[in-house]
Each structure stands twice: as structure tokens, then as C-alpha cells.
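Each step along the sequence shown adds one to the number in the numbering used here, with nothing skipped, and position 63 is 118.
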Amino acid sequence: MADPTKADEPQDAMPNVSDVEVAEVHSEEEAVAALDANVERGEPILQVRNLVKHFPLTQGIVIKRQIGAVKAVDGVSFDLHQGETLGIVGESGCGKSTVAKLLMSLETATAGEVFYKGQDITRLSGRALKAVRRNIQMIFQDPYTSLNPRMTVGDIIGEPFDIHPEVAPKGDRRRKVMDLLDVVGLNPEYINRYPHQFSGGQRQRIGIARGLALNPEIIICDEPVSALDVSVQAQVINLMARLQDEFNLSYIFIAHDLSIVRHISDRVGVMYLGKMAEVGTDEQIYEYPTHPYTQALLSAVPVPDPEAREHRDRIILTGDVPSPANPPSGCRFRTRCWKAQDKCAQEEPLLAIPERFKGSDTPAAHESACHFAEVKDVVHAA
Ligand SMILES: Nc1ncnc2c1ncn2[C@@H]1O[C@H](COP(=O)(O)OP(=O)(O)OP(=O)(O)O)[C@@H](O)[C@H]1O
Ligand code: SF4
Ligand SMILES: [Mg+2]
């Protein structure tokens, strides 16, 4: 449902979603082909525009009164191209999982649009939504709790086939599940085992196999390796990179830590308090960050080289993250930003290429929501 109070607020400066070629379609196959043609023409597979999710804050036990709202996601825009990985990074509570749930249609957006191949999926329901959901799957953070302990691995991986029997008819399911176990590097003979008989890394492989079961095009990975040991994290990330090549998957890879997403992401979006602070390619974000928040996050990433570590500029952020129910005026980061000026409290900085870098081919020319965006060499400050 659209929130009319948002209508006058500034919208992030993202390009408009180009008009979908509206050919006259006569069948479901024709409709799917028309949507595929949009991506083949080079349009992003997913376009997120000014996505908003406000959770109402209520008071009273019998008669509930709304006294405010948690602005978990408050105008987020980004694109995802076919075959690419977009990393989304930010501190706990900044709205990463809520974005994931909105993309999966597990939560209803307060406002904004999510275009899958040019079609707004926030307004779909019934069969049309079910068809889209098949193509967008999710891998969850905790492989210990996201798998039902009373189900065998075969039943867990094959569960999506109950909802979409057209992908694997009953007689074909066991073979399909065994193939999936093989694809994620697990012995197909383990099909009758239970989750507790696997290690954390193996359980996450089971979660990935389940995510792949319906041959999706997009996988939303919400902190898929955060609960794993560092050595196992690398194995799971390598597996995901291999599967991406093999199946031409597009990933949204959510993490707290900039160092984890670097190895798998083509582009990275940095979130702060329900908004994107900065979006750019791997090189732009890690070597030429222009937003103070990204610079602070980067300065906290562990650096293995002792000499580089000694010379780097460590930025310690002071103050707590403000409540998403009552975010600061203007720039949301201003209460913790060492560069904040009066303008930052009065005017909200939009996510756009900063004026001073526009038209130049410097890697600093990428989207940053800061009035005073400038490059700071955080990691290589030798
Ligand atoms: N169902 C809900 N009802 C009310 N508030 C919610 C709900 N879900 C999330 N929130 C709030 O929205 C904000 C964003 O939560 P979200 O889970 O998206 O953050 P996150 O970035 O994924 O955090 P983490 O890194 O800890 O997983 C938080 O303040 C959270 O408390
Ligand atoms: S707009 Fe101002 S407060 Fe916000 S990040 Fe930039 S300098 Fe800091
Ligand atoms: Mg989360």
C-alpha cells in the first residue's frame, strides 16, 4: 500500500525504469518471452525503486493505537544485472534483511517498486506472484535453525517441489535431489540423513541446494556465511561463485562485513539506517570510497599486511546508531559523521554521482549520498 505522506519527499536520483515493451501477449509462454526480451536487451533483471517498509509502532493492549513507525527501509533504490552479484553491507538493524524479505515478497512494501524483468512484483498476487517467486529464491543466515531437524535432507531439498510440482514430477524427485546434493559437493548417498548429522558448512550447502531446486535466476543470500568458521566461509563462497557461473545466477549477497562481500561482489551497496549511503563497483567502493560511513567501515576491515595496517587511517565512529523510529533530519549519518556541517542537518543528500565528479572518468564518479563526498584512501594510506 502506498504511503501518501512519502509523496513529497525527495526520491533517490535513480534513472526511471524504462518502459516495458508492451507487446500483445496471448499466452503465459508469450508473456514470459516478452519479459525475457527485456533482460536480453540489457535491462537489469531486478530494479528496485524507492522501496519503503515502515513497521507500525503501537500502544495499548485492547485498543491498539499507532504511535509511530520503525522506518526499517526508507527509500532504497538499486539495480541488479543478470549474472552479477550485488553485495549489500551495513551495521546490524540498518534494514538489510527487510530489503531481502521485500524482494522475496515475504513482507508487503509500504511504498516503492521492485521490477523483475520490467514487471512490478510488489503489485502481483496469486498465480502471477507464485510464478515470479519460483525465480527468486533465498539462502538464510543460520544453517542450524533454517533446516527442519525432523526432516531428512532429501525432504528438505525436495520441499519446493511440493509447491512447484511442474519442476520435478513425483517419480523424478529423488534423482533431482541427488543431483542437487552432487552439485553442492555433498555425497548423494546422504539423502536420508538428518541435518544434525552434518557440519555447519555442510548444512549451508544443503540450504544452497534447496535454493537451487527450482532453477531460480536470482538468489538473495542473507548473511549466508556469517555463522560459519572463517575457513568454511571461503569454501561456501567459492561454491557459490562456481554455481553462479554454472547457472548464470544473479546474487544479492548481504553481509555485515565489507571484507566478506569483496570476494564475491561485482558491485556493493552500503546501507545506513534504512537508506543506501553509497553504491559502486568493487574498485569504486574499496579503493575510492567517497562516503564517510563507507570510509569508517573500511577502516575497520582487518588488514593482513602489518605495514599497511600500521599506516592506515583508523576511523572510530562515536555515538550509537540512531533509532530507525526517529532518524536524524537531513543526512541520517550526521550524528556520527566527523565532517557534518549545518547543511547536513537541513538537507537530505540524495544517492547520486556527486556534482564535482560528474562527467569525469575517475572511479570516484559513483553514487554517494553525501553533500561533501570526497575520496579518502583508507586501506592504502601508506
Ligand atoms: N517485523 C518487524 N516489526 C517491527 N520492527 C521490525 C520488524 N522487522 C525488523 N524490524 C526492525 O527494522 C529494523 C531493520 O531490521 P533488519 O532485520 O532488516 O536489519 P538488518 O540490517 O538485517 O540487521 P542484522 O544485521 O542484525 O540482521 C530494525 O530496527 C528492526 O528492529
Ligand atoms: S552529508 Fe554531511 S553528515 Fe552526511 S555523510 Fe556527508 S558530510 Fe557527513
Ligand atoms: Mg539481518
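For every residue, glycine included, the Cβ atom is placed at its ideal position computed from N, Cα and C.
- Judged by DSSP secondary structure, residue 372 falls outside any alpha helix (DSSP H); it is assigned neither H nor E.
- Secondary structure note for residue 142: it is in no alpha helix (DSSP H), and the uninterrupted beta strand (DSSP E) holding it is 140-144.
- Put simply, of 414, 396, 356 and 421 the residue whose alpha carbon is nearest the alpha carbon of residue 433 is 356.
- Proximity of the beta carbon of residue 195 to ligand 1 is not indicated: no heavy atom of the ligand is located closer than 7 angstroms.
- Residue 259 sits close to residue 283, with the two beta carbons spaced by under 8 angstroms.
- Here the C-alpha atom of residue 119 lies approximately 41 angstroms from the C-alpha atom of residue 263.
- Under DSSP, residue 277 forms a beta bridge with 309.
- A straight line joining the alpha-carbon of residue 429 with that of residue 420 spans about 10 angstroms.
- In summary, residue 151 is buried, with 16 or more beta-carbon neighbours lying within 10 Å of its beta-carbon over all protein chains present.
- Within the DSSP bridge table, the entry for residue 109 names 126 as partners.
- Look at the beta carbons and you see the segment 319-332 touching the segment 346-354: at least three pairs across the two are nearer than 8 angstroms.
- In this structure, residue 123 has its beta carbon at no less than 7 angstroms from each heavy atom of ligand 1.
- DSSP places residue 326 inside the beta strand (DSSP E), whose first and last residues are 322-327.
- Three or more Cβ pairs closer than 8 angstroms define a contact, and the segment 247-261 meets that threshold against the segment 202-220.
- The count of Cβ pairs closer than 8 angstroms, one atom from the segment 307-322 and one from the segment 120-140, reaches three, so the stretches are in contact.
- Residues with their Cβ less than 5 angstroms from any non-hydrogen atom of ligand 2, running along the chain, are 347, 386, 388, 389, 392, 394, 395, 399, 404, 425, 426 and 427.
- A Cβ closer than 5 angstroms to some heavy atom of ligand 1 marks a residue here, and those residues are 110, 125, 127, 147, 148, 149, 150, 151, 152, 153 and 379.
- Distance from the Cα of residue 229 is smallest, within the candidate group 241, 219, 172 and 247, for 247.
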